[in-house]
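Novice: Residues 34 to 188, numbered by the numbering used here, are exactly what the sequence shown covers, in order.
Below you will find the structure I want to go over with you.
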Amino acid sequence: MQTCVVHLVRNSLRYSSKRHWQPITAQLRRIYTAPCAEAAEMEFEDFTERWQSKYPAMIKLWESAWPEFVPFLDFPPEVRKLIYTTNAIESLNARFRAATRRRGHFPDEQSALKVLYLAVLSREKNKTNPTGQIAGWKNILNVLSMTYGDRLGIN
């Protein structure tokens with residue numbers, strides 16, 4: 034399972050003084066935008082060297098999350114921009130919970146699926162992206178198609 038990079042960075046800042054946030058986030062950005070896992074490891078070593086004595090819990094956080102984080106680096110930059118945060122998934126799950134909680138019990142599975150389908154179709158008003166479109170989707174789709182081919186189910 035991939036760790037949400039945004040949440041990992043945000044959790045890192047919980048362990049550090051606000052006056053160090055800018056240099057910490059700048060160094061973390063070099064880690065999660067590294068071209069490959071080896072480059073990210075080198076950046077992380079620099080990061081550890083700089084902050085270990087001051088914020089050991091922050092370093093431990095990254096060390097424990099590293100096995101879940103590294104697969105993220107296997108993706109091309111276009112795809113990384115799409116998956117570096119799990120906020121879209123969390124938002125959809127929250128929408129599902131709200132839709133099912135309001136209705137209580139369902140007579141059958143088909144009824145529940147209809148409610149979930151309608152929850153996906155509904156768009157919230159006054160959102161900056163009301164259509165739910167993803168910026169650069171065509172480029173991302175091309176990369177995913179070349180990488181995963183028939184697994185996408187696009188003919």
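Ideal Cβ placement from N, Cα and C applies to all residues, glycine included.
As the structure is a computational prediction, the values presented were derived from the model and not from experiment.
Within the same chain, show all residues whose beta-carbon is closer than 7 Å to that of residue 181, passing over the 5 residues directly before and after it, in chain order.
Specialist: Hits under 7 Å: none found.
Novice: Using three-state DSSP, classify residue 155 as helix, strand or coil.
Specialist: DSSP places residue 155 in coil when its eight states are reduced to three.
Novice: What's the gap between the Cα of residue 150 and the Cα of residue 140?
Specialist: If you take the alpha carbons of residue 150 and residue 140, they lie about 16 Å apart.
Novice: For residue 136, I'd like the list of residues in its chain whose CB is within less than 8 Å of its CB, leaving aside the five on either flank, ordered along the chain.
Specialist: Cβ neighbours of residue 136 beyond the five flanking positions: 148.
Novice: If we count the other Cβ atoms within 10 Å of its Cβ and call it buried at 16 or more, is residue 57 buried or exposed?
Specialist: It is buried - the Cβ of residue 57 has at least 16 other Cβ atoms within 10 Å.
Novice: Helix, strand or coil for residue 181, going by three-state DSSP, please let me know.
Specialist: Note: residue 181 maps to helix in three-state DSSP.
Novice: In angstroms, rounded to a whole number, what distance separates the CA positions of residue 54 and residue 183?
Specialist: In a straight line, the C-alpha of residue 54 is about 43 Å away from that of residue 183.
Novice: Can you tell me whether residue 179 is buried or exposed? The criterion is at least 16 other CB atoms within 10 Å of its CB, across all chains shown.
Specialist: That one is exposed.
Novice: Considering only residues of the same chain and omitting the five flanking positions on each side of residue 164, which have a CB-CB separation below 6 Å?
Specialist: With a pLDDT of only 49 at residue 164, under 50, the local geometry of the prediction cannot be trusted, and the value read off the model is given with reservation. Cβ within range, chain order: n/a, list empty.
Novice: Does residue 60 come out as helix, strand or coil in the three-state DSSP assignment?
Specialist: In the structure shown, residue 60 sits in a helix (DSSP, three-state: H, G or I).
Novice: Within 10 Å of its beta-carbon, does residue 153 have 16 or more other beta-carbons around it, so buried, or fewer, so exposed?
Specialist: So residue 153 ends up on the exposed side.
Novice: Can you tell which of 107, 104, 108 and 74 has its C-alpha closest to the C-alpha of residue 92?
Specialist: Minimum Cα distance to residue 92 is reached at 74.
Novice: Please classify residue 89: does DSSP put it in a helix, a strand, or coil?
Specialist: Here residue 89 sits in helix by DSSP.
Novice: When the Cα of residue 106 is compared with those of 63, 171, 48 and 67, which residue comes out closest?
Specialist: The shortest C-alpha separation from residue 106 is found at 67.
Novice: Which residue comes first and which comes last in the alpha helix (DSSP H) that contains residue 67?
Specialist: Neither: residue 67 is in no alpha helix (DSSP H) and is coded neither H nor E.
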